[in-house]
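Same order as they appear, the protein sequences are chains L and X. So in this note's numbering, spot 81 of the first sequence is number 923, and the numbers just go up one at a time. So in this note's numbering, spot 192 of the second sequence is number 229, and the numbers just go up one at a time.
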Amino acid sequence: MRYERHPVTQTWRRATRQSVMRLLWYGAAGFGLLFIFVPVLWAVASSFRPLEEIFRDVSPFSLRAFVPSQPTLEAYRAIFAKGYGRALFNSLYVTTITIGLGILVNSMAGFVFAKLIFPFQRLVFVVVLLASMIPFEAIAIPLYALAQGLNWLDSYTVLIVPALANGLVVFLFRQFFAEIPTELIEAALIDGASWWRIYSRIFLPLSKPAIISGALILFLFQWNAFLWPLVAAPKKQYHVIQVAIANLQIEYQVLWNEQFAASFIGAVIPVAIVLCFQRYYIRGIAGTGLKG
Amino acid sequence: MMRRASVAYAFLLPALLGLILFRIYPIAVSFLKSFYVRSFITKREVFVGLEGYQALFQDPIFWKSAWVTVLFNFVVNPVQMVAALGLALFLSVQVRGIHAFRSLYMLPIGISLPVAAVVWGVVLNPNSGLLNSLLALVGVPAQRFLTSPSQALWSIVLIASWKGVSYWMIFLLAGIKGIPETLYEAARIDGANAWQILTRVTIPLLRRVILFVVVADTISNYLLFIPAYLLTRGGPEHATNFLMYEAFKSGFIYLDMNRAVTIVSVLLVFLLLVIAVEFRFLKPQHEV
């Protein structure tokens, strides 16, 4: 007993316990990653298979399920022949314009909330707060009637315009602009600068991190949007990528390799972007979520 | 801060207009329209008051759908919340390579729900899907998953959580990292064990974040639509016929927009009540 209480033994025992804990941690972390990645890797591998081979090596299961024996681009060729390229273009187009205009519209509002006092400020703030909590799914059905009334159905406008104003991005810019000293505005006003100039030449150039965070939020929102594009733009010409993936799944129930190929292209772009800019994304959504 | 009403409103106009027109106005329209019926003969909207609601409340399909929605949320929200908190705690430790692990666990947030549904749909294929063949390795007989009335709902819990847990974890992890290390040290010096530190230090300090995540998660799950639309079409035997999907079907398949907006209105009012309850029980007691 006395031997065990010796300081050297005690440190050694703590060290072993720590390294055992660490090993357990890595074991658990790896196991959890299997849950996330096994479906993904299998889907990616299978997108490079001919259809007859999709379930080969799956039952009975073998690790070769994750490596196509004779990789082929057959599925990719087939989906582009079915018009997938158009959907990919639509998604890129709609997303790019949403980001450009969305950053402008929301940062202008954020600028006002951070630096100006105006009548009904509290009320306007509550409106933005409320609106930011209403998800698109809740309004897609009633919004349809409005879009129909405006004669907007089946157009790029109907996909882009309703997604521009985003309360979360307004808050993001408000938070960021609030940190920029107000003295800059005073100095610029004395020099005779207009408010537009102050916003566009001083504040916007200083807010690159907020622009990146906001662009990521708008990008993921628009790229992954589904219910609204599904109901608002049913014509094939205006299908975005998520709708195209869903239609492949519904119309060609058993062409799994094509569904996987379409899914892979649809997912690889946002996943790569999120991985590259995750710092900004986390700061963007977590910052507004915690303080908003 | 400066007083400049005209400048302020000029800058606010586009965002404010967008939010009012495309977020708040549709909700108002939804409630208004639920009191009207579109006449087949005159093509005009006729005021009928609560008749739409009465018809809905006498419809067993609606009640079944409401029950499925509530049951699903009763399970999926606590599951996602606890799993996300567990994962956030798990990923808050300092070990070699932790940043790589965090990035990998964040990967599902880039994957859209339609993509996740398509992939999981094949993984859960009852005949030769990946999960059944993995289960066969450990001697479990093949399951029917999405094609079984008793398993379909839980399969959707699995699919929704695959993406949801990663997403909500980000907020909780950011919150955990914001807790000063000195508080943990103080607790350790006082002789607190890991469980006491978790329940007396970490969770109380995370209450604001937890409340946010619970409310936001509840909203997204009550409005969940994609798995039912893509994988089960509300079936089998209405087992996954969520209210949101029932509303979509009414509006866009049976072309009964009034029933659709009535269902959405009922869903939103119920959702507000649920959120009010969550606020009541999770509100931080000492607001700083």
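Here a beta-carbon is modelled for each residue, glycine too, at the ideal position from N, C-alpha and C.
Item, Value
"Interface flag, N169(X) vs chain L, CB-CB below 9 Å", "yes"
"Among K957(L), V1073(L), A987(L), the one whose alpha carbon lies nearest that of A45(X)", "K957(L)"
"C-beta neighbour in chain X for Y1122(L), strict 9 Å", "no"
"Beta-carbon proximity of P145(X) to I1087(L), cut-off 9 Å", "no"
"Alpha-carbon spacing of R1039(L) relative to I1022(L), whole angstroms", "16 Å"
"Beta-carbon contacts of S302(X) that lie in its chain and below 7 Å, excluding the five residues immediately before and after", "S67, F68, S71"
"Selected residue, minimal CA-CA separation from V130(X), among Y926(L), M863(L), K1078(L)", "M863(L)"
"Cutoff 6 Å; reference P321(X); Cβ partners in own chain excluding five residues on either side", "R244, R245"
"Enclosing alpha helix (DSSP H) for R75(X) [first to last residue]", "Element bounds for R75(X): not the alpha helix (DSSP H) but the beta strand (DSSP E), 73–75."
"Between the CA atoms of R237(X) and S861(L) - distance to the nearest angstrom", "27 Å"
"Close-in-space but distant-in-sequence residues of the same chain around I213(X) (CB under 8 Å, 5 per side omitted)", "A125, L126, S129, T239, L243"
"Reference L319(X), options R41(X), A103(X), I247(X), I98(X), closest by Cα", "I247(X)"
"Inter-stretch contact (C-beta, 8 Å, three-pair minimum) for the segment 1071–1091 of chain L and the segment 985–999 of chain L", "yes"
"Separation of Y259(X) from A980(L), as counted between CA atoms", "10 Å"
"Whole alpha helix (DSSP H) elements within the segment 95–170 of chain X, 4-residue minimum", "97–127, 135–143, 150–160"
"Helix, strand or coil at K1133(L) [DSSP, three-state]", "With a pLDDT of only 47 at K1133(L), under 50, the local geometry of the prediction cannot be trusted, and no value is derived from it."
"Closer than 8 Å at the beta carbon, the chain X residues around S1146(L)", "The structure shown has nothing for residue 1146(L), since chain L only spans 843 to 1134."
"T255(X) and V311(X) closer than 9 Å at C-beta", "yes"
"Span of the alpha helix (DSSP H) around E222(X)", "218–226"
"Cutoff 8 Å; reference S76(X); Cβ partners in own chain excluding five residues on either side", "E82, V83"
"Bridge partners - E82(X), DSSP secondary structure assignment", "R75(X)"
"Min CB distance M143(X) to chain L below 9 Å", "yes"
"Proximity test, Cβ basis, 9 Å: R891(L) and chain X", "no"
"I981(L): contacting residues in chain X (beta-carbon distance under 7 Å)", "R60, P63, I64"
"Simplified DSSP assignment, three categories, for I207(X)", "helix"
"Range covered by the alpha helix (DSSP H) that runs through Y926(L)", "926–957"
"A1114(L) versus I1107(L) - alpha carbon distance", "11 Å"
"Short CB-CB distance (under 9 Å) between E178(X) and chain L", "Per the sequence shown, the amino acid found at residue 178(X) is Pro instead of Glu. No - not a single Cβ of chain L is within 9 Å of the one on P178(X)."
"R906(L) in three-state terms, based on DSSP", "helix"
"Buried/exposed call for L54(X), threshold 16 Cβ in 10 Å", "exposed"
"Best match in V202(X), F285(X), D227(X) for proximity to A120(X) [C-alpha to C-alpha]", "V202(X)"
"Three-state class that DSSP yields for R40(X) in the structure shown", "strand"
"Proximity to L50(X) [Cα-Cα], best of F953(L), F922(L), F903(L)", "F953(L)"
"Where V130(X) meets chain L, residues with beta-carbon distance less than 7 Å", "W867"
"Proximal chain X residues relative to A1074(L), where beta-carbon distance stays under 9 Å", "Those within 9 Å of A1074(L) in chain X number zero; the least Cβ separation is about 11 Å."
"Straight-line gap, L875(L) to L141(X) (C-alpha atoms, nearest Å)", "8 Å"
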